[in-house]
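Sequential numbering of the sequence shown, starting at 302, is according to the working numbering.
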Amino acid sequence: MPLLLKKVNNQDVLAVWKIVENETELSRMLTFSEQMHRQLDTILCREKRLEWIASRILLQHLTQCVPCVAYNPNGKPLLPSKANHISISHTKGFAAVLVTGSKPAGIDIEYSSQRIARIAPRFISDQERYYMLRACQDEQICSIIWCAKETLYKVADTPGLSFKRDMYIEPFHPTAKGALVGKLKFGHIWASFFLNYIATADFYLVWRW
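This is how it looks when you write it as structure tokens:
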């Protein structure tokens, strides 16, 4: 069981799975409901199927229940059998899940590559570019900012938010692991959120609990 990472904070817990198994091997680790079988049948891409199964294995491990995920009208995942908040993320070769007790959950994982730095102008604001002089060239900074904004989007559970206009990541110095402050704009009001991150050679992970 390649449970790569597990962190606990009071009632909150997150875990990361490194996907090295094939679909048959992963499926043996998961208790399926009929609805889960139907959900998986709609996914045709092999890699996406592996990511889906791995994320449900993590949910099963963290909640000790059959991880039959439903979604609210905004697409936010939830477990009808549990009162916990959950957040799910997956990328090439990895799956990540966060389960929180009372606060809205948000987590994002991305595999390491230059692809995010190439689209930096789409999600990094002028103010962020001013404070983070290397933001449009540095893969690590861009990837952490991207994951942070994805995390904020999941926490907000509000459709239509702009990564450039409605989110702001305060200046930070990237390290292997750390914390940063992200801001979300709701109408004319900015709300601040404390985010944690991990940066490795293989992936970037940001979460809020």
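Using N, Cα and C, we set each Cβ at its ideal position, and we do this for glycine too.
Assigned secondary structure, residue i (DSSP; H/G/I helix, E/B strand, else coil)
{"i": "Pro422", "result": "helix"}
{"i": "Glu411", "result": "strand"}
{"i": "Asp313", "result": "strand"}
{"i": "Trp510", "result": "coil"}
{"i": "Lys465", "result": "coil"}
{"i": "Ser403", "result": "coil"}
{"i": "Ala492", "result": "strand"}
{"i": "Ala457", "result": "helix"}
{"i": "Ala502", "result": "coil"}
{"i": "Ala480", "result": "strand"}
Cβ separation of residue i and residue j, assumed to be a contact under 8 Å, to the nearest whole Å
{"i": "Ile445", "j": "Glu429", "result": "About 12 Å; that fails the 8 Å criterion."}
{"i": "Cys448", "j": "Leu506", "result": "7 Å"}
{"i": "Leu485", "j": "Phe473", "result": "So it is not a contact: roughly 17 Å between Cβ atoms."}
{"i": "Ile410", "j": "Phe395", "result": "5 Å"}
{"i": "Leu399", "j": "Leu315", "result": "4 Å"}
{"i": "Lys319", "j": "Leu305", "result": "4 Å"}
Exposed unless 16 or more other CB atoms sit within 10 angstroms - verdict on residue i
{"i": "Phe487", "result": "exposed"}
{"i": "Pro368", "result": "buried"}
{"i": "Ile490", "result": "exposed"}
{"i": "Thr514", "result": "Because the chain here runs from 302 to 510, residue 514 falls outside it and cannot be looked at."}
{"i": "Ala397", "result": "buried"}
{"i": "Asp503", "result": "exposed"}
Min CB distance residue i to chain C below 8 Å
{"i": "Ala406", "result": "Protein chains in the displayed structure number just one, and chain C is not present."}
Taking contact to mean 3 or more Cβ pairs, one atom from each stretch, closer than 8 Å, check whether the segment 339-356 and the segment 465-483 are in contact.
no
Counting Cβ pairs closer than 8 Å, one from the segment 324-335 and one from the segment 404-419, do we hit at least three?
The answer is no - the segment 404-419 does not touch the segment 324-335, with fewer than three Cβ pairs under 8 Å.
Which runs of the beta strand (DSSP E) fall wholly inside the segment 316-398 and span at least 3 residues, in chain order?
Counting only runs of 3 or more residues that sit fully inside the segment 316-398, the beta strand (DSSP E) segments are 386-392, in chain order.
When the Cβ atoms of the segment 372-388 are set against those of the segment 449-462, are three or more pairs found closer than 8 Å?
Here the segment 372-388 makes contact with the segment 449-462; the two share three or more CB pairs at distances below 8 Å.
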